[in-house]
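*Asks:* Numbering (this note's numbering), first residue to last: 168 to 488.
Got a structure here, written out as structure tokens. Questions coming.
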Amino acid sequence: MTRAEPACRITRVRAHGVAFDLYDDGDLPGLPCGGAGVSGPASAIWHDPAGIEERWDGAEPKRTREMQDGDRVLLTVDHDVERGYLLRAPGIGTVLVSEDGLEVRCAPELVAPDWQVLLIGQVLPLVSTLRGYEVFHAAGVVLGEHSYILCAPPGVGKSSLAAHLVIAGAALLSDDVVALDDELIAHPGTTILYVRAPAPQCLSAQSPTGLRALGPVRDRLAFVAESPACARPLAGVYLLKRSAYKSRIESVPFASPLSLLAATFNLSVQTAARLTHHLDLCARLAEQVPIHSAHIVPGCDAAELAAAIWSHIGGRETVTV
Numbered sequence: 168m169t170r171a172e173p174a175c176r177i178t179r180v181r182a183h184g185v186a187f188d189l190y191d192d193g194d195l196p197g198l199p200c201g202g203a204g205v206s207g208p209a210s211a212i213w214h215d216p217a218g219i220e221e222r223w224d225g226a227e228p229k230r231t232r233e234m235q236d237g238d239r240v241l242l243t244v245d246h247d248v249e250r251g252y253l254l255r256a257p258g259i260g261t262v263l264v265s266e267d268g269l270e271v272r273c274a275p276e277l278v279a280p281d282w283q284v285l286l287i288g289q290v291l292p293l294v295s296t297l298r299g300y301e302v303f304h305a306a307g308v309v310l311g312e313h314s315y316i317l318c319a320p321p322g323v324g325k326s327s328l329a330a331h332l333v334i335a336g337a338a339l340l341s342d343d344v345v346a347l348d349d350e351l352i353a354h355p356g357t358t359i360l361y362v363r364a365p366a367p368q369c370l371s372a373q374s375p376t377g378l379r380a381l382g383p384v385r386d387r388l389a390f391v392a393e394s395p396a397c398a399r400p401l402a403g404v405y406l407l408k409r410s411a412y413k414s415r416i417e418s419v420p421f422a423s424p425l426s427l428l429a430a431t432f433n434l435s436v437q438t439a440a441r442l443t444h445h446l447d448l449c450a451r452l453a454e455q456v457p458i459h460s461a462h463i464v465p466g467c468d469a470a471e472l473a474a475a476i477w478s479h480i481g482g483r484e485t486v487t488v
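Here it is as structure tokens:
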């Protein structure tokens with residue numbers, strides 16, 4: 168399959184500061200259509216199993232990432248400087264991303280939702296990193312003219328907090344992954360929130376204000392934001408942490424760039440240029456953007472904590488929940 172074939176259907180979506188042209192692969196749910204608000208050429212996403220085999224033939228790869236659940240391998244990423252990055256998710260599919268992020272060749276084994284989760288959750292953030300953005304493991308919201316991100320590893324509760332902030336009136340920037348550019352502007356990603364079930368009654372009963380329920384996906388409830396956000400300057404970072412004491416939010420006046428480096432989403436791109444860029448951006452982030460710690464006691468009500476974060480954004484004071 169090549170660009171010259173007139174039968175190819177093209178759908179353009181955008182996420183994490185990059186426009187993507189999908190060839191014969193339909194729409195990706197939760198991503199805005201069109202390329203408005205992004206700069207540079209679109210990255211082309213092809214359904215092209217044969218193209219992967221042809222381009223990866225002769226590779227001398229280095230394993231840069233491996234995700235496991237016990238003994239079961241969930242995802243591997245291999246890098247070859249000439250051919251790019253090969254992602255393998257056993258039982259789901261294989262993807263080859265070119266070194267510059269401009270071409271993505273796909274060989275899915277399963278239909279939605281697993282394939283779409285792989286494409287949106289892993290492939291698009293990798294492309295954004297290769298295109299010069301830094302992606303953080305975070306949920307993001309917009310209040311007024313500024314964006315705020317909630318950084319945490321899986322299971323801490325960032326998606327639930329983002330959902331309650333949207334219910335309170337914020338606009339959803341992205342769930343799970345947020346991309347920053349060199350001007351420290353946060354860019355929209357997916358508008359679908361995956362909240363771990365069982366969710367609070369205000370989320371599980373009906374579609375709450377600002378969100379539309381999509382139904383269960385594995386062990387989570389899926390919601391789509393009715394009014395997604397636009398790219399906005401970053402005005403605050405909240406580092407979510409488990410705590411054995413009272414849930415509280417406090418400012419970190421002298422934040423270490425290391426705490427921000429630990430919040431990165433993309434561990435696959437390990438070139439010297441990318442690592443230097445990542446360190447420089449985190450250093451500027453620590454200097455120019457307020458950083459806060461949000462200590463969360465297990466079982467803490469997400470709605471109450473979201474209200475505390477909302478109050479903290481307005482007052483910048485230490486808040487105890």
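C-beta atoms are modelled at their ideal positions from N, C-alpha and C, and glycine is treated no differently.
Between which two residues does the alpha helix (DSSP H) harbouring I219 extend?
*Replies:* Residues 216-223.
*Asks:* Out of V244, A217, K325, state which residue places its alpha-carbon closest to the alpha-carbon of R230.
*Replies:* When only C-alpha atoms are compared, the closest one is V244.
*Asks:* Let me know the secondary structure DSSP gives V205 once reduced to three states.
*Replies:* Coil, per DSSP.
*Asks:* So, is D267 buried or exposed, given that buried needs 16 or more other C-beta atoms within 10 angstroms?
*Replies:* Counting Cβ neighbours within 10 Å, D267 comes out exposed, since fewer than 16 surround it.
*Asks:* With DSSP collapsed to three states, give me the class of E249.
*Replies:* Of the three classes helix, strand and coil, the one that applies to E249 here is coil, per DSSP.
*Asks:* Which two residues bound the contiguous beta strand (DSSP E) that contains L339?
*Replies:* Element bounds for L339: 338-341.
*Asks:* Could you tell me if the beta carbon of H183 falls within a distance shorter than 8 angstroms of some heavy atom in the ligand GDP?
*Replies:* Among the ligands in the structure shown, none appear at all, so the ligand GDP cannot be discussed.
*Asks:* Candidates F187, P457, A398: which alpha carbon is nearest V419's?
*Replies:* Out of F187, P457, A398, P457 has the C-alpha closest to the C-alpha of V419.
*Asks:* How about L293 and S435: do their beta carbons lie closer than 9 angstroms?
*Replies:* Yes.
*Asks:* Assuming T358 contacts P395 (C-beta within less than 8 angstroms), just tell me the rounded distance between them.
*Replies:* Their Cβ separation, rounded to whole angstroms, is 4 angstroms, which keeps T358 and P395 in contact under 8 angstroms.
*Asks:* By a C-beta neighbour count over all protein chains shown, 10 Å radius and 16 as the cutoff for buried, is P355 buried or exposed?
*Replies:* Burial call: buried.
*Asks:* I believe E220 touches H445 by the beta-carbon criterion, under 8 angstroms. Please report the beta-carbon distance rounded to the nearest angstrom.
*Replies:* Incorrect: roughly 32 angstroms between the Cβ atoms, too far for contact.
*Asks:* Rank V464, V362, T261 by C-alpha distance to the C-alpha of A411 and give the top, closest one.
*Replies:* The residue with the shortest Cα to Cα distance from A411 is V464.
*Asks:* In the segment 262-306, which residue ranges form an unbroken alpha helix (DSSP H) of at least 4 residues, counting only runs that do not cross its ends?
*Replies:* Taking only runs of at least 4 residues, the alpha helix (DSSP H) segments lying wholly in the segment 262-306 are 281-285, 291-297.
*Asks:* If we ignore side chains and look at the alpha-carbon of each, how far apart do R272 and W213 end up?
*Replies:* Going from the Cα of R272 to the Cα of W213 covers about 5 angstroms.
*Asks:* Ends of the alpha helix (DSSP H) at E334?
*Replies:* Sequence check: residue 334 is Ile here, not Glu. 325-335 is the span of the alpha helix (DSSP H), which, as asked, contains I334.
*Asks:* With DSSP as the reference, label C397 as helix, strand or coil.
*Replies:* The answer is coil: DSSP assigns C397 none of H, G, I, E or B.
*Asks:* With burial defined as no fewer than 16 other Cβ atoms inside 10 Å of the residue's Cβ, what is the status of Q283: buried or exposed?
*Replies:* When all chains shown are included, Q283 counts as buried.
*Asks:* Measuring only the C-alpha atoms, how far is Y252 from S478?
*Replies:* Approximately 43 angstroms, taken between the alpha carbons.
*Asks:* State the Cα-Cα distance for the pair A450 and V404, rounded to the nearest angstrom.
*Replies:* Each residue's alpha carbon lies about 13 angstroms from the other.
*Asks:* Whose C-beta lies closer than 6 angstroms to the C-beta of R181 among residues of the same chain, with five residues either side of it excluded?
*Replies:* P199, G202, V205.
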